[in-house]
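If you're matching them up, the sequences are chains V and R in order. With this note's numbering as the guide, the letters of the first sequence map in order to residues 487 to 597. With this note's numbering as the guide, the letters of the second sequence map in order to residues 183 to 296. Where a beta carbon is used, it is the ideal one built from N, C-alpha and C, also for glycine.
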Amino acid sequence: DAKTTQPTSMDCAEGRAANLPCNHSTISGNEYVYWYRQIHSQGPQYIIHGLKNNETNEMASLIITEDRKSSTLILPHATLRDTAVYYCIVRAPNTGNQFYFGTGTSLTVIP
Amino acid sequence: DAGVIQSPRHEVTEMGQEVTLRCKPISGHNSLFWYRQTMMRGLELLIYFNNNVPIDDSGMPEDRFSAKMPNASFSTLKIQPSEPRDSAVYFCASTLGSVNYGYTFGSGTRLTVV
């Protein structure tokens, strides 16, 4: 699976959009981009995933660049409950289904 | 749906004792994963099962660790004998096994070996 690079930490003002970047310059054509988050003392939570097109669900939006070498997770209106560690993972199908988590980005939403 | 259920939530045991962690995956999910999380090493995949069969246990740290999945609704992770360095939060996760599904994690078991 391709390696990802994320900033160690970020701050965001409550009510503003939180934009979390992820670089995956060695991504292969069949690898998907997944985002998870882990709120303190809880298990990781699936947020969203995509292959080429931008994706949106009730939690967030995922913007993938045309060359697929990077992506951005957008939380449109961050709340204090969005304070968590956010993991970006790239993974190909049919590779045993396992996810390998890196160190992620620690997002702090400030009142 | 009750989600992935792990028990116990907290476990404190003495070094040398046997510890058994339990997991009930979401009904209908055919893949199950055990992860361990520590401050030093982050989230580590220990082992995963597809259709109750262990597929990859290369992440299991030592022979002291073993995992079983006797049926589709139950899995155990056993440590025997336990050591202080095994102290961590152990997570279980399940999925339908397709690329279009993410994992659902349990709340974890916090293990402390003294």
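| Asked | Found |
| --- | --- |
| Within 8 Å, strictly: CB atoms of Asn232 (chain R) and Ser213 (chain R) | yes |
| Neighbourhood of Glu541 (chain V) by C-beta distance below 6 Å, restricted to the same chain and skipping five residues each side | Ile534, Leu548 |
| Bounding residues of the beta strand (DSSP E) (the contiguous stretch that carries Gly587 (chain V)) | One point to set straight first is that residue 587 (chain V) is Phe, not Gly, in the sequence displayed. From DSSP, Phe587 (chain V) is part of no beta strand (DSSP E); its letter is neither H nor E. |
| Backbone CA spacing between Thr551 (chain V) and Leu537 (chain V) [nearest angstrom] | 10 Å |
| Own chain partners of Asp568 (chain V) with C-beta closer than 7 Å, once the 5 adjacent residues on each side are dropped | Ala504, Leu561, Leu593, Val595 |
| Minimum Cβ-Cβ distance from Gly288 (chain R) to chain V less than 8 Å | yes |
| Residue from R:Asp268, R:Cys274, R:Ser255, R:Thr291 with nearest C-alpha to Met222 (chain R) | R:Asp268 |
| Enclosing beta strand (DSSP E) for Asp497 (chain V) [first to last residue] | 495-499 |
| Listed by chain order, chain V residues near Leu227 (chain R) by CB distance under 7 Å | Gln584, Tyr586 |
| Below-8 Å beta-carbon distance, Gln528 (chain V) vs any chain R residue | yes |
| Contacts around Lys250 (chain R), its chain only, beta-carbon distance under 7 Å, and the 5 residues preceding and following it disregarded | Ser257, Thr258 |
| Per-residue DSSP class, three states only, for Arg246 (chain R) | coil |
| Residues that Val576 (chain V) bridges to, as DSSP identifies them | V:Val519 |
| Interface residues of chain R facing His563 (chain V) [CB-CB closer than 8 Å] | Under the 8 Å cutoff, chain R gives no residues; its nearest Cβ is about 22 Å from His563 (chain V). |
| Chain R contact for Thr589 (chain V) (CB, 8 Å cutoff) | yes |
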